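Quick notes on the structure that follows.
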Amino acid sequence: MKKIYIGLLSLFLNACHMPASNVLEGPGGRNAYNIEIQKTNSEEMLLNLVRLRYYDTPLFLQVSSVTSSFTFKNSASALFSFPGFNKTNPTILGGETLWQNQPTIQYQPLQGQEFANQLMKPLDVSTIQQVIYAGWDVYRVFRLAVQNFLEYHNNPKEKELIMEKNPRYKNFIEVIILMNKLQENGDLQIGVLNSKSNENGCALKSIQFAFNADNEDSKKLAELLNITTLDNDMYVLNVTQGFDKKGRVGILPRSILSCMNNLSHNVIIPDKDIEDSIAIDLSLDKSSNSQNIMSIYSSSIKPKNPYAAIKYRDLWFYIKDCDLSSKRTFMLLLELYNLQSAKVIDTGPVLTLPVGVG
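Using the working numbering, you'd call the opening residue of the sequence shown number 923 and step up by one each time.
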């Protein structure tokens, strides 16, 4: 009988203690929240790309905080059999331990000044340099995040999607392909230079490119960029962000919203939506050298094992898990979105959702 009392006492004492592994791991642990927030962030970005394809207004809800409360419950029972009725097991002990996690997620819509700063403000050339130094290829970064580079533009008109009809766009693609080759060979260096303020009191910022002059790709790139002089056997080019003193275009980075608008052209929609004038036909010329850096497909049924998928307008839109180029571009877009993120002033929860997880 003494052993029974000791067992019951141990069970009730455990009600005041819960191992940390049960809190941090499992369906209600830290990693579970991390995975779900990352998943819903991807789905939200994909949803807004599809919205832009249909000329619908994008909307972002930012997770401002996640809090959790844990409840524990222990119970014990003891049944004693009367002598003569159960000789093999006269005493039966039982008990159970239950714990419940109830997270509360607070959302804030991205609007007002925060919307302008994060989505409509052009990226800084420092951000361009940072993501390239982080390992992103020049070709993908420029295709996604740069609108103009010197006299070359990255904005093919809808009627000039065939590159031969748009030489400035064709040259833009050729320039970044050559730069990408030099980057892969370790022959391209990129830096950012902060200059003194101009006559209007605005600080000038420029991005600098330096590459070796000992191969044909370098010479071809120098010709396209009108570089005629060498500095220590290297071609050097300083490109002002925005416009220089003479009003000539330097490098014009896009805003996040502009990046999204351009990527939304790669959302493949049903022909019926085009025929019904819900959206316009933006199919690219497949024979051009300008390969899509991203493709978003549509289906009437839920896709199997997609990289990301959302349902919108009674259709499923998704990125294939085997489409590495699209996944990389989508990842770069999310990275730029996070880098552009402004500090959100805590004005209290706008939308609070308690979610019970057993």
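Ideal Cβ placement from N, Cα and C applies to all residues, glycine included.
The structure presented is a predicted model; accordingly, all values stated were derived computationally and were not measured.
Cβ-Cβ separation between residue 1063 and residue 1176: approximately 11 Å, too far for a contact (criterion under 8 Å).
Inclusion of residue 1045 and residue 1182 in the CB contact set at 8 Å is not warranted, their separation being larger than that value. For residue 955, the uninterrupted alpha helix (DSSP H) run begins and ends at 952-975, by DSSP. Beta-bridge partners assigned by DSSP to residue 1075: 1070. Around the beta carbon of residue 1251, 16 or more other beta carbons sit within 10 angstroms, so the residue counts as buried. When DSSP reads this structure, residue 1174 sits in a beta bridge with 1070. Our two residues, residue 1171 and residue 1026, have alpha carbons roughly 49 Å apart in a direct line. The count of Cβ pairs closer than 8 Å, one atom from the segment 1097-1105 and one from the segment 1131-1143, reaches three, so the stretches are in contact. Judged by beta-carbon spacing, residue 1072 lies within the 8 Å limit of residue 1147, meaning their Cβ atoms are closer than that value. For residue 1220, the enclosing beta strand (DSSP E) stretches over residues 1219-1221.
In the three-state scheme derived from DSSP, where H, G and I count as helix and E and B as strand, residue 1150 is classed as coil.
Proximity to residue 1260 across 1201, 958, 1039 and 980 peaks at 1039, based on C-alpha coordinates.
Non-local beta-carbon contacts of residue 986 in its own chain, meaning distances under 6 Å to residues more than five positions away in sequence, involve 1028 and 1030 in chain order. The beta-bridge partner set that DSSP reports for residue 1111 consists of 1132.
In the displayed model, residue 1180 falls within a helix according to three-state DSSP.
Only exposed fits residue 1115, as fewer than 16 other CB atoms lie within 10 angstroms of its CB.
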